[in-house]
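**Student:**
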Amino acid sequence: SQTIHQWPATLVQPVGSPLSLECTVEGTSNPNLYWYRQAAGRGLQLLFYSVGIGQISSEVPQNLSASRPQDRQFILSSKKLLLSDSGFYLCAWSKGPHNEQFFGPGTRLTVL
Amino acid sequence: DAKTTQPTSMDCAEGRAANLPCNHSTISGNEYVYWYRQIHSQGPQYIIHGLKNNETNEMASLIITEDRKSSTLILPHATLRDTAVYYCIVRVGPTYGQNFVFGPGTRLSVLP
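From first to last, the protein sequence lines are chains L and D. Position 33 of the first sequence, counting from 1, maps to 33 under our numbering, and the rest follow consecutively. Position 24 of the second sequence, counting from 1, maps to 1024 under our numbering, and the rest follow consecutively.
Pasting the structure below:
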C-alpha cells in the first residue's frame, strides 16, 4: 500500500531564517505531488504541484519554492521566512483515473 | 470548477447515521463529486467520490441526485472518531496536476 511521509512534524523558526520541508511517497511510482498551506481556521491553499521530476508549477506568487529531485520526493523551501509563512503545510499525492489526492500528516510551521 | 455549498455545522448522535448535504447546482457533465474530511491537526482524508451513480465503500456512501445538482454523504453508524470537518469538492476528475479547492466545509460533531 502507499504511504506518504512529511517531516518535520512541527517547526519553529525565526523570521528571516531558511526553510526546508520534505515529503516522500512510498509504494507508487510517478505520482503527481502537491504542496498546500492551511492557515489557522481556514481552507487549504494550493502552493505548488508537480507531475514529474523537475517539473514544478506554482499557483501563488510568494517567497516559497518547491523542488522535486526524485520521483517520490517533494521539497518545499524558502530562503527567508516571513511571519505570514506560519501555517500547516500539507503534502499530497495522486495517481489514477480519477486523480483523488491523498494527504500526508502535515508540518506545523510557526515563524516568530 | 463548480462551486459547492455546505451547512456550516451539524450534530449527530453516536451510532446514528450522519447525512451531510452538499449543493453543486452549477456542476458540469464531466465534473466529479469528491468528499474529504479533516480531523483537527491532521491532513485531509479522502472518503469517496462519484460522477453520477451512487457509490459505497467501507467508510461511507455517496448519493448523487439524478440532476447531479446536489449530493449527500452518509456515514451509516457515526462514531466519536468521525467528528471532523467534511469537505465536498466538485472538479474535473482525471485532470492531472490540478488542485482541489477546499471550501469551509461542514463541521460534524458526533455526540455521545
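Note that beta-carbon positions come from the ideal geometry of N, C-alpha and C, so glycine has one too. The structure presented is a predicted model; accordingly, all values stated were derived computationally and were not measured.
Take the Cβ of A1040(D) as the centre, count every other Cβ of all protein chains shown within 10 Å, and call the residue buried at 16 or more, exposed below.
**Tutor:** Looking at the sequence shown, residue 1040(D) is not Ala but His. Exposed is the call here.
**Student:** Does the distance from the CB of V1110(D) to the CB of A1060(D) come in under 9 Å?
**Tutor:** No, Cβ-Cβ distance for V1110(D) and A1060(D) is not below 9 Å.
**Student:** Out of S1(L), I53(L), E100(L), which one is the CA nearest neighbour of F74(L)?
**Tutor:** When each option's Cα is compared against that of F74(L), the closest is I53(L).
**Student:** Reducing DSSP to helix, strand and coil, say where S17(L) ends up.
**Tutor:** Residue state, collapsed to three classes: coil.
**Student:** Specify the secondary structure class of D71(L) as computed by DSSP and reduced to three states.
**Tutor:** The answer is coil: DSSP assigns D71(L) none of H, G, I, E or B.
**Student:** Please classify T1056(D): is it buried, with 16 or more other beta-carbons within 10 angstroms of its beta-carbon, or exposed?
**Tutor:** Result: exposed.
**Student:** Just verifying my parser: in three-state terms, what is the DSSP assignment at S1(L)?
**Tutor:** Reduced to three states, the DSSP call for S1(L) is coil.
**Student:** For the region 20–32 of chain L and the region 92–100 of chain L, state whether three or more C-beta atom pairs, one from each stretch, are separated by less than 8 Å.
**Tutor:** Judged by Cβ distances under 8 Å, the region 20–32 of chain L makes contact with the region 92–100 of chain L, as three or more pairs qualify.
**Student:** Report yes if the C-beta distance between L47(L) and L76(L) is below 9 Å; otherwise report no.
**Tutor:** Yes; because the gap between Cβ atoms is below 9 Å, this pair is in contact.
**Student:** Give me the Cα-Cα distance between Q55(L) and S67(L), rounded to the nearest whole angstrom.
**Tutor:** Distance between the alpha carbons of Q55(L) and S67(L): 8 Å.
**Student:** Given a limit of 7 Å on CB to CB distance, which residues of the region 30–50 of chain L reach chain D?
**Tutor:** Within the region 30–50 of chain L, the qualifying residues are N32, Y34, G43, L44, L46, Y49.
**Student:** Measure from the C-beta of V1101(D) to each C-beta in chain L and report whether the shortest distance is under 9 Å.
**Tutor:** Closer than 9 Å: yes.
**Student:** Report the rounded CA-to-CA distance for I1074(D) versus E1066(D), giving the unit in angstroms.
**Tutor:** Approximately 17 Å, taken between the alpha carbons.
**Student:** Would you mind telling me which residues of chain L sit closer than 7 Å to H1077(D), beta carbon to beta carbon, in chain order?
**Tutor:** What H1077(D) touches in chain L: nothing, since even the nearest Cβ is about 24 Å away.
**Student:** Whose C-beta lies closer than 7 Å to the C-beta of N1030(D) among residues of the same chain, with five residues either side of it excluded?
**Tutor:** Closer than 7 Å at the Cβ level, and outside the excluded window around N1030(D), lie V1092.
**Student:** Expressed to the nearest angstrom, what Euclidean distance is found between the alpha-carbon atoms of C1088(D) and V51(L)?
**Tutor:** Distance between the alpha carbons of C1088(D) and V51(L) is about 24 Å.
**Student:** D1082(D): buried (16+ other C-beta within 10 angstroms of its C-beta) or exposed?
**Tutor:** Buried: at least 16 other Cβ atoms inside 10 Å.
**Student:** Find out if the Cβ-Cβ distance for the pair Q1045(D), F103(L) is shorter than 9 Å.
**Tutor:** Against a cut-off of 9 Å, the Cβ pair of F103(L) and Q1045(D) comes out as a contact.
**Student:** Under a Cβ-count criterion, where at least 16 other Cβ atoms within 10 Å of its own Cβ denotes burial, should D85(L) be classed as buried or exposed?
**Tutor:** It counts as buried.
**Student:** Using a Cβ-Cβ cutoff of 9 Å, what residues of the region 89–112 of chain L are near chain D? List them in chain order.
**Tutor:** Answer in chain order: L90, C91, A92, S94, K95, G96, P97, H98, N99, E100, Q101, F102, F103, G104, P105, G106, R108.
**Student:** Would you check if the distance between the CB atom of T3(L) and the CB atom of G27(L) is smaller than 9 Å?
**Tutor:** Yes, the pair counts as a contact, with Cβ atoms nearer than the cut-off.
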